[in-house]
Amino acid sequence: MECGRHFNIEILTRTELLDIQGRPGNFRVSLRRYPRYVDIKRCIACGACADKCPQVVPETTKNLGSRKAIYLEHPQAVPLKYQIDPLSCLKLTENSCGLCEELCPTQAINFEEREEVLEYEVGAVILAPGLKPFDPSRVGLWGWQSPDVLTALEFEYLLAQSTRTNTPLRRPSTGNPVKNIAFLQCVGSRDLNHCDHPYCSTVCCMFAIKEALLARQRNARLEISIFYTDMRAYGKDFERYYQEASEKKGIRFVRSRLHAVEFCPQRKKLRLHYVNIEGRQVEEWYDMVVLAVGLEVPPDIIELAHRLGLRLTANNFAATSAFKPVDTSKPGIFVCGAFSGPKDIAQAVTEGSAAAAAVAEILAPVRPARQVSQNQLPQTIQGDQKPRIGVFLCHCGNNISSVIDLEALLTYAQGLADVVWAEKHLFLCSQEAQKRLQEVIRDKGLNRVVIGACSPRTHEFLFRRALREAGINQYLLEMANLRHHVAWVHPQFKEETTQKAKDLIAMAVAKVRCQEVLYPLEVPVMKRALVLGGGVAGMECALSLARQGFEVFLVEKSASLGGNARHLSYTWTYENVQYHLLKLRKEVEKNPLIKIFLRAEVVKVAGHIGEFATTISSHGRRKTIRHAVGIIAIGGGMYRPFGEYGYGEYEEVFTSLEFDTVRAAGDFRVKRARNFVFIQCVGSREPGRLYCSKVCCTHSIQTAIDLKKEDPSRRVYILYRDIRTYGEREILYQKARKLGVVFINYDLHGTPKVSKSSRGLCIEVWDHILHRPLEINTDVLVLATAIVPNPKVRELASLYSLAVDSHGFFLEAHSKMRPVDFLTDGLFMAGLSHYPMPLEESVAQAKAAAARAATILAKDTVSLDPVVATVDLARCDGCALCLDVCPYKAISPLEIEEGDSRVKKIQIDKVRCKGCGICQAICPQECIAVANFTLTQLRAQIRAALSGEL
Amino acid sequence: MSFEPKIIAFCCHWCSYAAADTAALMRRTYPINVRIIRVMCSGMVSPKLVLEALQQGADGVLVLGCPLGECHYKEGNYRAQEWAEMIKELLADMGYEPERFQLAWCSASEAEKFVEIITSMTRRIKKLGPVENQNG
Amino acid sequence: MAEKKTTGAVLILGSGVAGIQAALDLAEMGFKVYLVEKKGAIGGLMARLDKTFPTNECAV
Numbered sequence: 035m036e037c038g039r040h041f042n043i044e045i046l047t048r049t050e051l052l053d054i055q056g057r058p059g060n061f062r063v064s065l066r067r068y069p070r071y072v073d074i075k076r077c078i079a080c081g082a083c084a085d086k087c088p089q090v091v092p093e094t095t096k097n098l099g100s101r102k103a104i105y106l107e108h109p110q111a112v113p114l115k116y117q118i119d120p121l122s123c124l125k126l127t128e129n130s131c132g133l134c135e136e137l138c139p140t141q142a143i144n145f146e147e148r149e150e151v152l153e154y155e156v157g158a159v160i161l162a163p164g165l166k167p168f169d170p171s172r173v174g175l176w177g178w179q180s181p182d183v184l185t186a187l188e189f190e191y192l193l194a195q196s197t198r199t200n201t202p203l204r205r206p207s208t209g210n211p212v213k214n215i216a217f218l219q220c221v222g223s224r225d226l227n228h229c230d231h232p233y234c235s236t237v238c239c240m241f242a243i244k245e246a247l248l249a250r251q252r253n254a255r256l257e258i259s260i261f262y263t264d265m266r267a268y269g270k271d272f273e274r275y276y277q278e279a280s281e282k283k284g285i286r287f288v289r290s291r292l293h294a295v296e297f298c299p300q301r302k303k304l305r306l307h308y309v310n311i312e313g314r315q316v317e318e319w320y321d322m323v324v325l326a327v328g329l330e331v332p333p334d335i336i337e338l339a340h341r342l343g344l345r346l347t348a349n350n351f352a353a354t355s356a357f358k359p360v361d362t363s364k365p366g367i368f369v370c371g372a373f374s375g376p377k378d379i380a381q382a383v384t385e386g387s388a389a390a391a392a393v394a395e396i397l398a399p400v401r402p403a404r405q406v407s408q409n410q411l412p413q414t415i416q417g418d419q420k421p422r423i424g425v426f427l428c429h430c431g432n433n434i435s436s437v438i439d440l441e442a443l444l445t446y447a448q449g450l451a452d453v454v455w456a457e458k459h460l461f462l463c464s465q466e467a468q469k470r471l472q473e474v475i476r477d478k479g480l481n482r483v484v485i486g487a488c489s490p491r492t493h494e495f496l497f498r499r500a501l502r503e504a505g506i507n508q509y510l511l512e513m514a515n516l517r518h519h520v521a522w523v524h525p526q527f528k529e530e531t532t533q534k535a536k537d538l539i540a541m542a543v544a545k546v547r548c549q550e551v552l553y554p555l556e557v558p559v560m561k562r563a564l565v566l567g568g569g570v571a572g573m574e575c576a577l578s579l580a581r582q583g584f585e586v587f588l589v590e591k592s593a594s595l596g597g598n599a600r601h602l603s604y605t606w607t608y609e610n611v612q613y614h615l616l617k618l619r620k621e622v623e624k625n626p627l628i629k630i631f632l633r634a635e636v637v638k639v640a641g642h643i644g645e646f647a648t649t650i651s652s653h654g655r656r657k658t659i660r661h662a663v664g665i666i667a668i669g670g671g672m673y674r675p676f677g678e679y680g681y682g683e684y685e686e687v688f689t690s691l692e693f694d695t696v697r698a699a700g701d702f703r704v705k706r707a708r709n710f711v712f713i714q715c716v717g718s719r720e721p722g723r724l725y726c727s728k729v730c731c732t733h734s735i736q737t738a739i740d741l742k743k744e745d746p747s748r749r750v751y752i753l754y755r756d757i758r759t760y761g762e763r764e765i766l767y768q769k770a771r772k773l774g775v776v777f778i779n780y781d782l783h784g785t786p787k788v789s790k791s792s793r794g795l796c797i798e799v800w801d802h803i804l805h806r807p808l809e810i811n812t813d814v815l816v817l818a819t820a821i822v823p824n825p826k827v828r829e830l831a832s833l834y835s836l837a838v839d840s841h842g843f844f845l846e847a848h849s850k851m852r853p854v855d856f857l858t859d860g861l862f863m864a865g866l867s868h869y870p871m872p873l874e875e876s877v878a879q880a881k882a883a884a885a886r887a888a889t890i891l892a893k894d895t896v897s898l899d900p901v902v903a904t905v906d907l908a909r910c911d912g913c914a915l916c917l918d919v920c921p922y923k924a925i926s927p928l929e930i931e932e933g934d935s936r937v938k939k940i941q942i943d944k945v946r947c948k949g950c951g952i953c954q955a956i957c958p959q960e961c962i963a964v965a966n967f968t969l970t971q972l973r974a975q976i977r978a979a980l981s982g983e984l
Numbered sequence: 008m009s010f011e012p013k014i015i016a017f018c019c020h021w022c023s024y025a026a027a028d029t030a031a032l033m034r035r036t037y038p039i040n041v042r043i044i045r046v047m048c049s050g051m052v053s054p055k056l057v058l059e060a061l062q063q064g065a066d067g068v069l070v071l072g073c074p075l076g077e078c079h080y081k082e083g084n085y086r087a088q089e090w091a092e093m094i095k096e097l098l099a100d101m102g103y104e105p106e107r108f109q110l111a112w113c114s115a116s117e118a119e120k121f122v123e124i125i126t127s128m129t130r131r132i133k134k135l136g137p138v139e140n141q142n143g
Numbered sequence: 002m003a004e005k006k007t008t009g010a011v012l013i014l015g016s017g018v019a020g021i022q023a024a025l026d027l028a029e030m031g032f033k034v035y036l037v038e039k040k041g042a043i044g045g046l047m048a049r050l051d052k053t054f055p056t057n058e059c060a061v
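Chains as they are written, first to last, in my numbering: chain P, 35 to 984; chain Z, 8 to 143; chain Y, 2 to 61.
Next up, the structure:
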């Protein structure tokens with residue numbers, strides 16, 4: 035993870051927040067740091083300590099196995115450093131043992147460390163503490179006491195274990211292979227009887243489907259049933275995942291109400307009682323039961339929130355406003371992630387960026403003005419001189435030297451062509467060794483360096499820095515991964531290990547010999563952003579950037595700002611949308627840094643990150659805007675279901691938004707009406723539009739509540755497939771039911787039928803309890819129609835070379851980790867052009883996009899990795915095979931004069947290229963080369979690898 | 008002495024090379040016969056390189072990439088799949104056993120899978136014996 | 002006004018995906034970030050998961 039090595043981030047582990055004093059801009063925070071007993075600077079994670087530690091501590095979570103008293107959090111931990119558990123360490127509990135202290139090759143163990151209170155001055159605070167899984171042992175009837183009943187997380191560990199060891203899934207109780215599994219949803223969620231959690235935990239449905247699919251991957255004959263109330267596959271691409279699991283992957287989904295799980299000692303199986311959709315009691319037997327437990331706010335965080343005086347919701351989540359989704363009730367203290375309500379990874383990441391934007395807005399005056407790129411140090415020695423290679427080997431304590439004969443390796447290295455110097459160190463990563471490395475580079479006039487130590491993935495940056503500081507180009511380096519690829523994985527071999535190490539060194543020498551000097555591409559940043567779309571997302575994004583001090587051009591297609599939000603009256607928490615919208619519009623309009631273009635559309639695009647040139651056409655005139663970054667927030671549209679359910683035919687049939695309008699206008703068709711029917715999922719979750727529109731369940735339920743509140747004698751029906759009131763929206767659903775709104779599921783027996791009768795409309799739907807068709811006479815029919823992508827999405831996608839998903843929404847760079855980034859650098863997205871979402875999620879995305887854009891705008895230049903492809907024009911014959919395979923559309927045709935004729939060639943945009951090398955692989959002329967991984971280098975490595983004996 | 012083959016494994020920086028590192032952190036062991044060459048993407052390894060490796064004395068070649076759908080470059084591993092089809096044909100044309108080449112996926116956390124791929128490949132190549140001299 | 006100068010540093014409590022993303026973005030903008038975590042390593046719940054939906058990819 036990049037986080038571990040960012041020079042602006044200081045990680046404080048084993049630390050708790052005690053208190054925050056002061057005001058926004060000037061907080062004083064106090065922290066308590068618990069001792070680790072291991073010096074992070076010294077620990078090299080060799081594991082010698084844990085290997086010999088006599089104290090085995092079983093993990094409290096089932097299936098996580100055990101650890102030692104000195105342990106790593108997990109194998110991919112950041113920082114990758116050991117820690118001592120003071121509750122089980124013999125030295126710390128009874129002052130004996132101390133073996134690790136003796137064994138540690140770097141003297142990293144320090145039993146004298148004590149708890150300390152730290153104080154920091156900060157301008158703002160972000161709370162992102164996350165949630166904890168519900169503890170199922172609190173409720174007896176889920177049978178968690180039985181070893182075969184696992185929580186979803188415990189099952190994940192069991193599954194990982196089975197994958198790792200390539201063994202079948204076995205029942206913890208008997209050790210026999212598992213034949214069938216039941217997943218029980220909503221354990222500790224949507225439940226006021228067994229726990230006080232009325233809300234939906236939001237993520238457990240998809241988590242269960244994922245685990246079910248992974249389990250089936252382990253064993254295709256495994257029978258898996260998921261027992262659920264409503265399947266909440268509301269997010270981007272979730273519905274497709276769910277439908278595939280159900281239709282193609284053979285997972286059985288059972289809509290049901292669960293009673294209990296108990297272990298039957300006679301049959302050695304788990305008995306599951308439930309009530310099915312037809313109202314019948316059913317009993318089934320399972321080998322294993324997985325509890326999809328919900329999430330809750332950890333008690334220490336509730337306590338902290340009370341200490342800080344933060345406003346919480348009834349369920350202890352941080353209270354926020356839809357228009358300020360990352361602001362807590364205390365100015366200067368922000369929140370992101372699940373603490374403000376359970377949410378999936380993509381939304382949590384989005385809010386992380388949004389919180390960053392919110393902080394940057396208030397701290398804009400003190401943002402460091404210019405950031406010096408680390409790559410701009412003078413480099414005296416160049417790579418085109420005759421190679422003078424230095425080889426440096428690392429003992430890594432005895433991690434490497436106990437398995438590999440380093441003396442022999444050193445002699446071998448000295449004998450390799452162009453190697454003018456070789457030496458070895460106890461720890462190459464130590465400060466002394468780093469200094470020595472620089473001295474040797476200078477003294478011996480080295481212009482290439484080979485490091486025989488550990489993985490370039492974790493240590494290349496360190497050695498690159500050493501090269502830089504020694505005054506040579508940082509790319510003239512190659513690492514031979516002796517520790518991970520030899521010492522740690524081949525302890526069972528003897529001489530062969532040294533032979534393999536020799537090959538690795540020879541390969542590194544061969545590669546670095548043909549290494550060329552590379553410079554990161556420094557692209558100047560034009561300090562201006564372009565925002566396309568003047569809806570809430572576009573305006574929020576523009577405003578956030580302007581508050582951070584950046585100039586913004588806001589382009590709107592229509593004649594006024596506001597977008598879809600103009601049609602909404604309130605949010606799901608009953609905040610007035612029009613009031614906030616007006617405020618937002620005024621603020622945008624009067625901000626001097628925002629320039630607004632109405633009735634404007636993009637007609638031409640050129641350039642790249644740092645300097646795009648977008649031409650817009652406005653009032654018949656064209657204007658070219660130069661900008662460093664672009665945010666696309668062009669919104670979505672509403673599906674109009676002509677020909678379905680009598681829409682367009684009968685005047686009593688409305689879409690949700692149309693109904694809101696006529697109701698607000700006091701239309702007689704509403705005033706007079708006694709019966710109301712809502713049909714959900716009109717145009718959503720069907721072939722061709724296999725996605726959930728996310729907002730319609732909540733919207734219909736809110737309207738139903740209003741209708742009932744106005745006049746309790748009205749009859750209101752909601753015909754649905756799954757009610758997807760995720761998070762605390764679930765409470766609205768409960769309220770509607772209490773008020774007497776009738777919910778009828780039509781998922782299993784087909785869509786309702788609409789006909790006109792003398793008494794108004796007649797809706798026919800199957801009653802699955804009474805097993806017969808039910809006829810509902812109604813005065814009004816409201817269709818909760820889908821949110822559909824803006825047709826302009828495709829147009830802009832082709833202008834900016836962007837990816838679009840199969841439904842016509844923009845495709846993000848990574849569905850989880852980069853939810854608002856496009857694959858093309860410098861472009862971001864927000865709002866309904868990404869996917870259907872409620873207002874507060876649009877605002878969060880808008881702010882997130884603003885933060886992502888600001889990471890570029892804050893710099894004078896962006897530094898791009900020079901590991902990119904270049905073409906040798908002399909040899910290129912213009913065959914253009916490379917054009918189509920480039921995932922980044924970085925290659926374009928080129929015509930050049932050659933003598934008197936024009937010949938076809940290609941050109942590669944260095945800024946767009948990401949160095950994947952597909953073009954290098956396909957080029958028949960071998961005239962494309964990816965720096966650092968050229969064909970010459972790869973061939974040299976192959977030759978060197980095969981030159982040794984074994 | 009028993010036959011000890013040499014196997015070249017092209018590993019992509021983002022997933023399979025990381026899987027090799029994870030295997031080491033977890034102290035898994037595997038046959039010593041493999042030599043890892045780090046590439047940025049499995050799609051970077053052309054059929055030509057694979058053939059050259061065999062011609063120069065490798066007894067087997069592995070290309071390991073990110074699982075499908077997880078490529079750091081979105082679609083590089085799909086290209087690797089296309090190359091693999093070509094490689095299989097070329098191998099057949101040139102008289103190499105098809106088992107000498109394998110394309111496989113493992114994510115950064117799939118250390119066991121990595122170990123399993125290396126182990127089974129080595130076993131297979133050992134059974135196959137050294138590459139017969141192509142020129143007779 | 003005798004206002005104290007604003008501090009260009011941020012404290013983030015919690016190092017799950019949300020906290021890490023906030024930290025990275027702020028650090029890239031040039032702010033100093035203190036990332037506070039109760040456990041011995043950062044990453045939160047997600048670092049412990051093998052795969053994530055809907056694409057089943059590796060978590061970290």
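Where is the CB? At the ideal position from N, CA and C, for every residue including glycine. Every value quoted in this text rests on a predicted model; they were computed, and no experiment measured them.
Residue from the options whose Cα sits closest to the Cα of residue i
i: P/L588; options: P/R977, P/R633 and P/R301; result: P/R633
i: Y/K40; options: P/F61, P/F702, P/A79 and P/L114; result: P/L114
i: P/C953; options: Z/F108, Z/I132 and Z/C48; result: Z/C48
i: P/I423; options: P/R502, P/E512 and P/C463; result: P/E512
i: P/V816; options: P/E188, P/V551 and P/E692; result: P/E692
Chain P within 8 Å of residue i, Cβ atoms only
i: Z/K95; result: no
i: Z/Y80; result: yes
i: Z/T129; result: no
Residue-level contact to chain Z via CB, residue i, 8 Å cutoff
i: P/C950; result: yes
Interface flag, residue i vs chain Y, CB-CB below 8 Å
i: P/N42; result: yes
Nearest-angstrom Cα separation, counted from residue j out to residue i
i: P/L1037; j: P/N227; result: With chain P covering 35 to 984 only, the question about residue 1037 of chain P has no answer from this structure.
i: Z/K55; j: Z/G67; result: 14 Å
i: P/K570; j: P/C87; result: The sequence given here places Val at residue 570 of chain P; Lys does not occur at that position. Roughly 58 Å between the two C-alpha positions.
i: P/V901; j: P/R656; result: 38 Å
i: Y/N57; j: P/L248; result: Since pLDDT at Y/N57 reaches only 33, below the 50 mark, its modelled position is unreliable, and no value is offered.
Cβ-Cβ distance between residue i and residue j below 8 Å
i: P/A28; j: P/L126; result: Beyond the ends of chain P as shown, which are 35 and 984, falls residue 28 of chain P; an answer cannot be given.
i: P/Y988; j: P/V822; result: Any question about residue 988 of chain P goes unanswered here, given that chain P covers just 35 to 984.
i: P/L808; j: P/D801; result: yes
Residue i - partner residues in DSSP beta bridges
i: P/H661; result: P/F646
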